[in-house]
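Take a look at the structure set out below.
In my numbering, the protein residues as written are 27 to 504.
Encoded structure:
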């Protein structure tokens, strides 16, 4: 260790300013990784060596090595180096701290996503190590800067700021949690910047938002207004994520809204767990005063009828929204949606309450990894059975028509075949006050025409589905 902590680092440091790109890039990474490993092994750095390590980034900037050929590569290497010395706790003076923070903030605004992610990872370690103890003013200034960047005309700055807000520590977020969450909620939706929409910024806002929620709720006991935090998550965060789940933006790259929907599905489930865990804490506190004090979390969650943060309305909207994604046209999204439903139905720690027709859902979506859910001929025949449940039928149908009335022939054939099979299946009992499945499906189609009357994305394939549906009825019954 003494060799690497002395001679090896002394040889590496001058190489970080080499005129050869590969040499300075490798030396910068190596210096950081060696310092990190030495720290993990319990090595104590000398004052001189800490001073030498702290001077590497300012020297690179002074030499203007971010410019020209290899500048992007050096930015990523510098971010990783800062991450390593932050974990190792290398001593920095105030001037160096400011320099390194400015470097990371500049990398946050870079259009290269790899450079952004490297900067975010570095900030995740840099801020707790060097800035948490610097006082509320610095914390407040950093938060205000990142929140303001969410309105920056530079889309790269918006993307980076959303990710940066997501990794801020609790001691920062507790100062301004409501403005942070409010801004991220609005940034999740395409309506936030209709003149300059950016799918990646919305994806990062969704990811940043759920990370902020998890950071704050993990230290709930330290918040004086914790109840208002959970109420905000229920009333505003969940609704923002539901809006993100309805993002169908398209540009020259295709259905970029699917990236937002994918992030929203994961965030909604994580948000659901936050609310359910809080409900269990509150319900257990009530149960502890009575005879139910020995019940486990699942029993408490299932048996109590007290006020819930996660209520029946949210449960229905959650399952219906994700079920809609499970029958749409993109194979990857369908597979992710079904795996998300499996996370909800078969969670190991908590029984998620208030899910309508849970038994049918578990029959349709078993807790198995053997089924190839991305294959249309596997997923559609199962999921089309949700049309028999009024809680889910409208959402499922609005997703199904995109596949059945779309342009992809194999998908159209598989989904239409599943729909015909549903109409012919005598084992399915959908009678509701004497109404047949054909009548209920027709009502749902009529609802779709009314609900999406100004949305060509849905209306056009829906007319195709209605045509095929009527032809199917004539074939079956006449």
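Don't be surprised by glycine CBs; every beta carbon is placed ideally from N, CA and C.
In the DSSP annotation of this structure, the continuous segment of the alpha helix (DSSP H) that includes residue 473 starts and ends at 463-477. DSSP lists 277 as the bridge partner or partners of residue 280.
The alpha-carbon separation between residue 367 and residue 391 amounts to approximately 8 Å. Rounded to whole angstroms, residue 279 and residue 74 show a C-alpha spacing of 52 Å. Separation of the CB atoms of residue 422 and residue 353 is rounded to 6 Å, and the pair is thereby assigned contact status at 8 Å. Between residue 350 and residue 425, the gap from beta carbon to beta carbon is short of 8 Å.
Taking C-beta separations shorter than 6 Å and ignoring five residues to either side along the sequence, the partners of residue 409 in its chain run 352 and 353, following chain order. Pairwise C-beta distances place the stretch 84-97 out of contact with the stretch 59-69, as fewer than three of them are shorter than 8 Å.
In the three-state reduction of the DSSP assignment, residue 374 falls in the coil class. Taking C-alpha positions only, residue 446 is separated from residue 382 by approximately 25 Å.
Around the beta-carbon of residue 46, fewer than 16 other beta-carbon atoms lie within 10 Å, marking it exposed.
The closest CA to that of residue 483, considering only 105, 428, 302 and 402, is found on 428. C-alpha of residue 386 to C-alpha of residue 412: approximately 8 Å in a straight line. For residue 494, the enclosing alpha helix (DSSP H) stretches over residues 482-503. At the C-beta level, residue 103 and residue 130 stay beyond 8 Å of one another. About 6 Å separates the CB atoms of residue 176 and residue 188; that is less than 8 Å, so the two are in contact. For residue 86, the uninterrupted alpha helix (DSSP H) segment begins and ends at 82-88. Within the stretch 118-144, the alpha helix (DSSP H) runs of at least 4 residues that lie entirely inside it are, in chain order, 120-134.
Secondary structure remark: continuous alpha helix (DSSP H) runs of at least 4 residues inside the stretch 374-433, in chain order: 384-390, 402-409 and 416-430. About 4 Å separates the Cβ atoms of residue 224 and residue 181, confirming a contact at the 8 Å cut-off.
Looking only at 162, 154, 310 and 98, the smallest Cα-Cα distance to residue 132 is reached by 98. Counting along the chain, residue 167 sits inside the alpha helix (DSSP H) bounded by residues 162-175. Collapsing the DSSP output to three states places residue 337 in coil.
Residue 161 is classed as exposed because its beta carbon has fewer than 16 other beta carbons within 10 Å across all chains shown. With contacts defined by Cβ atoms closer than 8 Å, residue 299 and residue 245 do not form a contacting pair.
For the pair residue 203 and residue 266, the Cα-to-Cα distance works out to about 16 Å.
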